[in-house]
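S.K.:
Number of protein chains: 2
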Amino acid sequence: MKKILCGVDIGGTKLSTALVRQDGTVLDKCIDCDHVDKTEIQLAEQISGNIIRLLDKNKLAETDLLGIGIGCAGHIRFRDGVIITTSNLKGFKEYPLRDAVQAHFSVPVILDNDANAQAFGEFKFGAGKGVENMVFLTISTGIGAGIIINNRLYRGYTGTAGEFGHTIVEPGSGLKCTCGNHGCLMAVACGMALPHLFREKIEAGEKTRLDLPAGFDYSMVDGKLLKQGLEENDPVSKAIILDSGYYVGIGLYNIFQALNPQLIVLGGGLLSWGDFYLNHIRKIFYERARDMIFDPFEIVISKIGSDVGVIGAASLTLELC
Amino acid sequence: MKKILCGVDIGGTKLSTALVRQDGTVLDKCIDCDHVDKTEIQLAEQISGNIIRLLDKNKLAETDLLGIGIGCAGHIRFRDGVIITTSNLKGFKEYPLRDAVQAHFSVPVILDNDANAQAFGEFKFGAGKGVENMVFLTISTGIGAGIIINNRLYRGYTGTAGEFGHTIVEPGSGLKCTCGNHGCLMAVACGMALPHLFREKIEAGEKTRLDLPAGFDYSMVDGKLLKQGLEENDPVSKAIILDSGYYVGIGLYNIFQALNPQLIVLGGGLLSWGDFYLNHIRKIFYERARDMIFDPFEIVISKIGSDVGVIGAASLTLELC
Chain H
1285 MKKILCGVDI
1295 GGTKLSTALV
1305 RQDGTVLDKC
1315 IDCDHVDKTE
1325 IQLAEQISGN
1335 IIRLLDKNKL
1345 AETDLLGIGI
1355 GCAGHIRFRD
1365 GVIITTSNLK
1375 GFKEYPLRDA
1385 VQAHFSVPVI
1395 LDNDANAQAF
1405 GEFKFGAGKG
1415 VENMVFLTIS
1425 TGIGAGIIIN
1435 NRLYRGYTGT
1445 AGEFGHTIVE
1455 PGSGLKCTCG
1465 NHGCLMAVAC
1475 GMALPHLFRE
1485 KIEAGEKTRL
1495 DLPAGFDYSM
1505 VDGKLLKQGL
1515 EENDPVSKAI
1525 ILDSGYYVGI
1535 GLYNIFQALN
1545 PQLIVLGGGL
1555 LSWGDFYLNH
1565 IRKIFYERAR
1575 DMIFDPFEIV
1585 ISKIGSDVGV
1595 IGAASLTLEL
1605 C
Chain C
1285 MKKILCGVDI
1295 GGTKLSTALV
1305 RQDGTVLDKC
1315 IDCDHVDKTE
1325 IQLAEQISGN
1335 IIRLLDKNKL
1345 AETDLLGIGI
1355 GCAGHIRFRD
1365 GVIITTSNLK
1375 GFKEYPLRDA
1385 VQAHFSVPVI
1395 LDNDANAQAF
1405 GEFKFGAGKG
1415 VENMVFLTIS
1425 TGIGAGIIIN
1435 NRLYRGYTGT
1445 AGEFGHTIVE
1455 PGSGLKCTCG
1465 NHGCLMAVAC
1475 GMALPHLFRE
1485 KIEAGEKTRL
1495 DLPAGFDYSM
1505 VDGKLLKQGL
1515 EENDPVSKAI
1525 ILDSGYYVGI
1535 GLYNIFQALN
1545 PQLIVLGGGL
1555 LSWGDFYLNH
1565 IRKIFYERAR
1575 DMIFDPFEIV
1585 ISKIGSDVGV
1595 IGAASLTLEL
1605 C
């Protein structure tokens, strides 16, 4: 029997743990929603307990595992298996999560940035299968990315490569990123920008067709609300979606010039805006790339669905092969 | 005897050919200034003839060479050894220069982008010695770059990776790059931007201390003139140098977030502006990178001097080892 991969995805609301077959399909999984209240040690125990329970339930032994991959948002020092900082878990600073989980297992444990994990998952099982060089970009509340170079994840010196969300594309922008800088791609183009952009347009006198309550709290504006606006042909929602697409298109163009990949794969919640969004991203990209594309190049949507977090984390263990 | 490296640098005004020792020192070189008027085939003959003459003059045989590396500005399809486009040579389109030179030699011939060649030279012999991951950026009339990942040049799918000069850092800018886009790093930060920036400031009423003739042609504004302005404490020259430093600082910050290298090496003519320029580049960079630098990181000046073009081209042959 081919060994089973184990993946753990530490999200902002869910802790997902899954056993994954080597074809990328999920054998079994479990989801906890109480992990953000745990201490560092408690989280390591929770992850280890979940894995052991999933193995027992599926009558598998630890030796049936190829390894355990853990994906976590934030800055990860890959070589040391350390969470440097993460916005998902309060108080986690320079925490050696990999070794804390490794203490419970003899198979190798890998800790990486969640976007790196998703990128490798798409490369192994999804839209990037068969490609040698690609970039994966996930666009939701924030923007994360992973870089595949010569069939391997490129992590950089610390392990923080691929932070295209923090590259600056509009230096004079009033929009501030969580990192403290103005005009990062993340600040102007993804979920965290939507409340500002919506309020700005309403305050400038633009009229929304969305039926919002009196005293509406603009901080509630998110991708779902704008998707509803798009469906209701709301000009404010549509303008914001196009604004986001404009900056994402520029971001992808910059990635194309910097890395000359064969493929860029897009994932994340804002892709639910569909073709209206994707077509604008592509339009902005191709208007700039024009005659500088010398070989086949594509911008495509991720193929792994909602389980991309755990499947991606599990795929990291295939790097060991 | 260790084999000798041969390097050829096809510049916009000079064709340099050199024999280089494996420690990166030049054994002998020759320079032509008539190559831009040649046809494609004539250029291949000129390069081959120069190499054979240099070998004869130094009592060396072709078998004493490790290989021949050729650096050329523009878009190079590395795997095929083809110049896709280059602004240095008129009419060169999709020309297989590597094979045309290879026809004269039995040792391997390599053709690459000139900034890639310089990057590899700095990595092997200069400021990047001992580093595994670095980016080299040359700032002169245009901006070129090369990426070293895991001790090797990363060229991307076509061979055009590292075009940070074409990444867009000010989308709303009125300044247009030779590529046709607005707000590329190249359009706003390097030699090609200087005439526009100078005229703009003068037309806005700013006073220069430079003693310019009546009817001065602004297209003559270049790095040398601004260096003179800097030395004469000219406020217009200094403001433009700071503007350039601002965008280069943002460009370096974007490279840092994208690739997380250990080191960025800067070269090119505009570095003659000295510490006034470099300090501003560093200031802009560190103001943005702040607490997101988790491991030692440096921005340094290239160590190979004016021969970086041919030495870099020659160093490409060490990739064969």
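First to last, the protein sequences are chains H and C. Residue numbering for the first sequence follows the working numbering, starting at 1285 and increasing by one per position. Residue numbering for the second sequence follows the working numbering, starting at 1285 and increasing by one per position. Backbone N, C-alpha and C define an ideal beta-carbon position, used for all residues, glycine too.
List the DSSP bridge partners of residue 1466 of chain H.
M.R.: The partner list for residue 1466 of chain H (beta bridge, DSSP) reads H/1460.
S.K.: Ordered along the chain, which non-local residues of its own chain (more than five positions away) have a Cβ less than 6 Å from that of residue 1479 of chain H?
M.R.: Counting only Cβ-Cβ distances below 6 Å, and skipping sequence neighbours, we find 1502, 1503 and 1505.
S.K.: Would you say the region 1566-1573 of chain H touches the region 1517-1525 of chain H, given that touching needs at least three Cβ pairs under 8 Å?
M.R.: The region 1566-1573 of chain H is not in contact with the region 1517-1525 of chain H.
S.K.: Please name the residue, chosen from H/1473, H/1563, H/1287 and H/1515, that lies closest to residue 1311 of chain H on a Cα-to-Cα basis.
M.R.: With distances taken between Cα atoms, residue 1311 of chain H lies closest to H/1287.
S.K.: May I ask you to report which of helix, strand or coil DSSP gives residue 1378 of chain C?
M.R.: The answer is strand: DSSP assigns residue 1378 of chain C an E or B state.
S.K.: For the region 1433-1447 of chain C and the region 1542-1562 of chain H, state whether three or more C-beta atom pairs, one from each stretch, are separated by less than 8 Å.
M.R.: Judged by Cβ distances under 8 Å, the region 1433-1447 of chain C makes contact with the region 1542-1562 of chain H, as three or more pairs qualify.
S.K.: Among C/1551, C/1292, C/1561 and C/1605, which has the Cα closest to the Cα of residue 1430 of chain C?
M.R.: Among C/1551, C/1292, C/1561 and C/1605, the Cα nearest to that of residue 1430 of chain C is on C/1551.
S.K.: Which of the three DSSP states, helix, strand or coil, is assigned to residue 1453 of chain H?
M.R.: Coil at residue 1453 of chain H, not helix or strand.
S.K.: Using a Cβ cut-off of 8 Å (strictly closer), state whether residue 1397 of chain C contacts chain H.
M.R.: Not closer than 8 Å to any Cβ of chain H, the Cβ of residue 1397 of chain C fails to qualify, so no.
S.K.: In whole angstroms, what separates the C-alpha of residue 1450 of chain C from that of residue 1468 of chain C?
M.R.: Roughly 5 Å between the two C-alpha positions.
S.K.: Going by the C-beta, is residue 1584 of chain H closer than 7 Å to any heavy atom of the ligand GDP?
M.R.: Of the ligands one can find in the structure shown there are none, so the ligand GDP has no counterpart to examine.
S.K.: Between residue 1256 of chain H and residue 1577 of chain C, what straight-line distance do the alpha-carbon atoms span, to the nearest angstrom?
M.R.: Because chain H in this structure spans residues 1285 to 1605, residue 1256 of chain H falls outside the shown range and cannot be described.
S.K.: Can you list the residues of chain C that residue 1361 of chain H reaches, using a CB-CB cut of under 9 Å?
M.R.: Correct list: 1578 and 1579.
S.K.: With distances taken Cα to Cα, identify the nearest neighbour of residue 1596 of chain C among C/1302, C/1342, C/1335 and C/1319.
M.R.: Ranking the options by Cα distance to residue 1596 of chain C, first place goes to C/1302.
S.K.: Alpha carbon to alpha carbon, how far is residue 1320 of chain C from residue 1329 of chain C? Give it in angstroms, no decimals.
M.R.: The straight-line gap from Cα to Cα measures roughly 13 Å.
S.K.: Against chain C, with Cβ distances strictly below 8 Å, would residue 1546 of chain H count as a contact?
M.R.: Taking Cβ atoms only, chain C reaches closer than 8 Å to residue 1546 of chain H, which makes this a yes.
S.K.: For residue 1332 of chain C versus residue 1385 of chain C, is the C-beta spacing smaller than 8 Å?
M.R.: Cβ atoms of residue 1332 of chain C and residue 1385 of chain C: closer than 8 Å.
S.K.: Mind checking the region 1516-1544 of chain H against chain C and listing, in chain order, the residues whose C-beta falls within less than 7 Å of any C-beta there?
M.R.: Cβ contacts with chain C come from 1534, 1537, 1538, 1541, 1542, 1543 and 1544.
S.K.: Start and end of the alpha helix (DSSP H) containing residue 1528 of chain H?
M.R.: Residue 1528 of chain H -> alpha helix (DSSP H) spans 1519-1543.
S.K.: Give the single residue among C/1396, C/1561 and C/1412 whose Cα lies nearest to the Cα of residue 1473 of chain C.
M.R.: Residue 1473 of chain C has its Cα closest to that of C/1561, out of C/1396, C/1561 and C/1412.
S.K.: Mind listing which residues of the region 1566-1595 of chain C have their C-beta closer than 8 Å to chain H's C-betas, in chain order?
M.R.: The region 1566-1595 of chain C vs chain H, Cβ under 8 Å: 1572, 1574, 1576, 1578, 1579 and 1581.
S.K.: Would you kindly report the start and end of the unbroken alpha helix (DSSP H) that includes residue 1555 of chain H?
M.R.: Per DSSP, residue 1555 of chain H belongs to no alpha helix (DSSP H) and is neither H nor E.
S.K.: For residue 1328 of chain C, decide whether its Cβ has a neighbour in chain H, counting only Cβ atoms nearer than 8 Å.
M.R.: With 8 Å as the cut-off, residue 1328 of chain C does not count as an interface residue toward chain H.
S.K.: Can you tell me whether DSSP reads residue 1313 of chain C as helix, strand or coil?
M.R.: Residue state, collapsed to three classes: strand.
S.K.: What are the start and end residues of the alpha helix (DSSP H) that includes residue 1338 of chain C?
M.R.: Taken as a continuous stretch (DSSP letters only), the alpha helix (DSSP H) holding residue 1338 of chain C covers 1324-1341.
S.K.: Compare the beta carbon distance of residue 1592 of chain H and residue 1586 of chain H with 8 Å and say whether it is the shorter of the two.
M.R.: For residue 1592 of chain H and residue 1586 of chain H, yes; Cβs fall inside 8 Å.
S.K.: Spell out whether any CB of chain C is found under 8 Å from the CB atom of residue 1334 of chain H.
M.R.: It does not; no Cβ of chain C falls within 8 Å.
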